[in-house]
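Read the structure below first, then the notes.
Number of protein chains: 2
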Amino acid sequence: MTIAERIRIDIESRIASGAWPPGYRIPFEHELVVEYGCARATVGKALTSLVQAGLIERRRKAGSFVAYPHVQTAVLAIPDLDAAISERTGGYRFELLKSSLETADDGPQDFAAGTNQLHITGIHHGKGGPVAHEDRLINVDQVPDARDADFSAQAPGSWLVSFVPWTEARHLISAVGASAEVAAHLDIPKGTPCLMVERWTWRSGAPITSVIQTFRGDRFDLVATFAPEKR
Amino acid sequence: MTIAERIRIDIESRIASGAWPPGYRIPFEHELVVEYGCARATVGKALTSLVQAGLIERRRKAGSFVAYPHVQTAVLAIPDLDAAISERTGGYRFELLKSSLETADDGPQDFAAGTNQLHITGIHHGKGGPVAHEDRLINVDQVPDARDADFSAQAPGSWLVSFVPWTEARHLISAVGASAEVAAHLDIPKGTPCLMVERWTWRSGAPITSVIQTFRGDRFDLVATFAPEKR
DNA sequence: CGGCCTGTTATGTCTAGACATAATCATATC
DNA sequence: GATATGATTATGTCTAGACATAACAGGCCG
Chain L
1 MTIAERIRID IESRIASGAW PPGYRIPFEH ELVVEYGCAR ATVGKALTSL
51 VQAGLIERRR KAGSFVAYPH VQTAVLAIPD LDAAISERTG GYRFELLKSS
101 LETADDGPQD FAAGTNQLHI TGIHHGKGGP VAHEDRLINV DQVPDARDAD
151 FSAQAPGSWL VSFVPWTEAR HLISAVGASA EVAAHLDIPK GTPCLMVERW
201 TWRSGAPITS VIQTFRGDRF DLVATFAPEK R
Chain V
232 MTIAERIRID IESRIASGAW PPGYRIPFEH ELVVEYGCAR ATVGKALTSL
282 VQAGLIERRR KAGSFVAYPH VQTAVLAIPD LDAAISERTG GYRFELLKSS
332 LETADDGPQD FAAGTNQLHI TGIHHGKGGP VAHEDRLINV DQVPDARDAD
382 FSAQAPGSWL VSFVPWTEAR HLISAVGASA EVAAHLDIPK GTPCLMVERW
432 TWRSGAPITS VIQTFRGDRF DLVATFAPEK R
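The listed protein sequences correspond, in order, to chains L and V. Counting from 1, position 144 in the first sequence corresponds to residue 144 in this note's numbering; the numbering is continuous, with no gaps. Counting from 1, position 14 in the second sequence corresponds to residue 245 in this note's numbering; the numbering is continuous, with no gaps.
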């Protein structure tokens, strides 16, 4: 364990235990330098990482203070369905329903009018049967390689994630009743509760892909492991 | 802008643009030192932050490499329902249904047998009507103040977040049909698709609270804004 | 050929000191 | 009394150099 890590963990545990409550002024850097017998840069490194974790705030001249808990934020892992389903139920398979090249005409899910888009729908299967329905658009003006990819062999999600860098994304998670079409493919009655994840992905401001995934509520859920309030 | 930030942004944009693809060996630290005319510690700081963001990997002797995109992870904001509902629909109100002190007997949602727990159920109301049902347990052995808190005035979630530090949490997000009891309180037919969030929170290994929140699917969804794969 | 040792190299961490910046406090001036 | 000024102080960032560590490459020897 490095010195900086040791300092960080020391402070962290004092905050977690409540010994240093929100608003408490932690010792000045030069005091910590004396306490740990190290250079100020090392103390600074520990404090910087605590700021990044949202545990403290540093104010010039005033000192560093234990942060007030703010909004809870979770780091939600949204893995490749490929990997996730393989891990949970085993026997992953992607069934390609449709793959057609279209020109966007400004529909609700579409890119800007005139964009060349690859429209793909398919089903993610686990061992016990269908798990999710996917309806995806890929901007082939931005991702020309997508034209030649074979999505009957590899799900478009895992293909994209390994070949196309992206910088921004947005998710919407909601509960819906299965539509007639989705219900038929997922082998459930129409109206069955399903988890719906809509995702839009950009690279440097340019839209790359948008996808609507509908999960059988009884076969899938999202797990978020947590770190306390970042920022 | 600091020198370290400038270096970081330079490298980031070369990765995002695809100029430096996954697996590419970025210039050695000593080369970057020459290029930017700064100290190695400054280059190191920039690279360290890129590692934290998951954009590169550093290997001793070999150099630093652009990381292969891995698992997508989102930073999912799970705010106080109080604040979230106020912001979206206005007119937030928490209706306390039940608040009783119990001893845990190792049920499915419970703490370890013998723990003193405060069992609270209630409804979160927005302007347009009920939004969510909440069923919560609070470990009063760990949070004795909860005994005296008035949860008809303040929802237990916002009370806890502002008074009790925590170090770990776990979320499970799924879609379910509303149970008869929940349906009655949310003013919807039984079986209506609802978003269910289960959360367990710990402080240094000791369980603090667990909660099951059931949202009307048509009145609420979760939004996650994104940064590419953070470790 | 295979295993061991050694030198080289690039990252990882740290030191001691420097200057910049911003916030605060006390003082001096209007 | 209100406002401007300057000293003080703590953080923010940086430098130049040092040593530690891990991994690789090559040579030596059984």
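Ideal placement from N, C-alpha and C gives every residue a C-beta, glycine not left out.
Next on the checklist: Cutting at 7 Å between CB atoms, please list the residues of its own chain near L328/V, excluding the five before and the five after it.
Outcome noted: Numbered from 1 along the second sequence, position 97 holds the residue referred to as residue 328/V. T352, G353, I354, listed in sequence order.
- With 8 Å as the threshold, decide whether the Cβ of I354/V is near any Cβ in chain L. On the second sequence, residue 354/V is found 123 positions in, with the first residue counted as 1. Not an interface residue.
Consider the Cβ of D221/L: report whether some Cβ of chain V lies at a distance smaller than 8 Å. Numbered from its first residue, the first sequence carries residue 221/L at position 221. Yes, because at least one Cβ of chain V sits closer than 8 Å to the Cβ of D221/L.
Which same chain residues end up closer than 7 Å to E102/L when comparing Cβ atoms and leaving out the 5 residues on each side of it in sequence? As a position in the first sequence, residue 102/L is number 102, starting the count at 1. The beta carbon of E102/L lies closer than 7 Å to those of Q117, H119 in the same chain, with the five residues before and after it left out.
At a Cβ cut of 7 Å, what residues of the stretch 424-454 of chain V count as close to chain L, listed as they run along the chain? The stretch 424-454 of chain V vs chain L, Cβ under 7 Å: P424, C425, L426, R434, S435, G448, D452, L453, V454.
Along chain V, in chain order, which residues have C-beta atoms closer than 7 Å to that of V176/L? The residue given as residue 176/L occupies position 176 in the first sequence. Neighbours of V176/L on chain V, chain order: P424, G448.
ask   = Skipping 5 residues on each side, what residues in its chain have a beta carbon closer than 7 Å to that of I287/V?
value = Within the second sequence, the letter at position 56 stands for residue 287/V. Closer than 7 Å at the Cβ level, and outside the excluded window around I287/V, lie I257, L278, L281, S295, F296, V297, A298.
Along the stretch 44-69 of chain L, what residues have a CB closer than 8 Å to any CB found in chain V? Identification of residues in the stretch 44-69 of chain L having a C-beta nearer than 8 Å to some C-beta of chain V yields Q52, Y68, P69, given in sequence order.
| query | Is it true that the CB of A180/L sits closer than 8 Å to the CB of P193/L? | reply | Numbered from its first residue, the first sequence carries residue 193/L at position 193. Numbered from its first residue, the first sequence carries residue 180/L at position 180. No. Outside cutoff.
Grab me the residues of G254/V's own chain with a C-beta within less than 8 Å of its C-beta, minus the 5 sequence neighbours each way, in chain order. What you label residue 254/V is simply residue 23 of the second sequence in a count that begins at 1. Hits under 8 Å: F296, V297, Y299.
Give a yes or no on whether the C-beta atoms belonging to P396/V and I11/L are separated by under 8 Å. Residue numbering aside, residue 396/V sits at position 165 when the second sequence is read from its first letter. Residue numbering aside, residue 11/L sits at position 11 when the first sequence is read from its first letter. Going by C-beta atoms, P396/V is not nearer than 8 Å to I11/L.
Proximity of G212/V and E262/V at Cβ, strictly below 8 Å = This structure cannot speak to residue 212/V, because chain V is shown only from 232 to 462.
Exposure label - D187/L; buried when at least 16 CB within 10 Å: Numbered from its first residue, the first sequence carries residue 187/L at position 187. D187/L is exposed by the Cβ-count criterion.
TODO: List the residues that DSSP assigns as beta-bridge partners of D452/V.
DONE: Looking up residue 452/V in the second sequence gives position 221. BP columns for D452/V are empty, so no partner.
key: Any chain V beta carbon closer than 8 Å to L32/L   = As a first step, residue 32/L is located in the first sequence; it is residue number 32 there, counting from the start. Interface criterion not met: the Cβ of L32/L is under 8 Å from no Cβ in chain V.
| message | For T273/V and R239/V, I'd like the C-alpha separation in whole angstroms. | response | Position 42 of the second sequence, counted from the start, is the residue given in the question as residue 273/V. Position 8 of the second sequence, counted from the start, is the residue given in the question as residue 239/V. In this structure, the alpha-carbon of T273/V lies about 10 Å from that of R239/V.
- Task: Compare the C-beta of Y36/L against all C-beta atoms of chain V and say whether one is closer than 8 Å.
- Result: In the first sequence, the residue the question calls residue 36/L occupies position 36. Y36/L is outside the set of residues whose beta carbon lies under 8 Å from a beta carbon in chain V.
Proximal chain V residues relative to S158/L, where beta-carbon distance stays under 7 Å:
Within the first sequence, residue 158/L is the residue found at index 158, counting from 1. Those within 7 Å of S158/L in chain V number zero; the least Cβ separation is about 10 Å.
Contact with chain V by H9/L, beta-carbon distance below 8 Å = Along the first sequence, one-based indexing puts residue 9/L at 9. Sequence check: residue 9/L is Ile here, not His. It does not: the Cβ of I9/L has no partner Cβ on chain V nearer than 8 Å.
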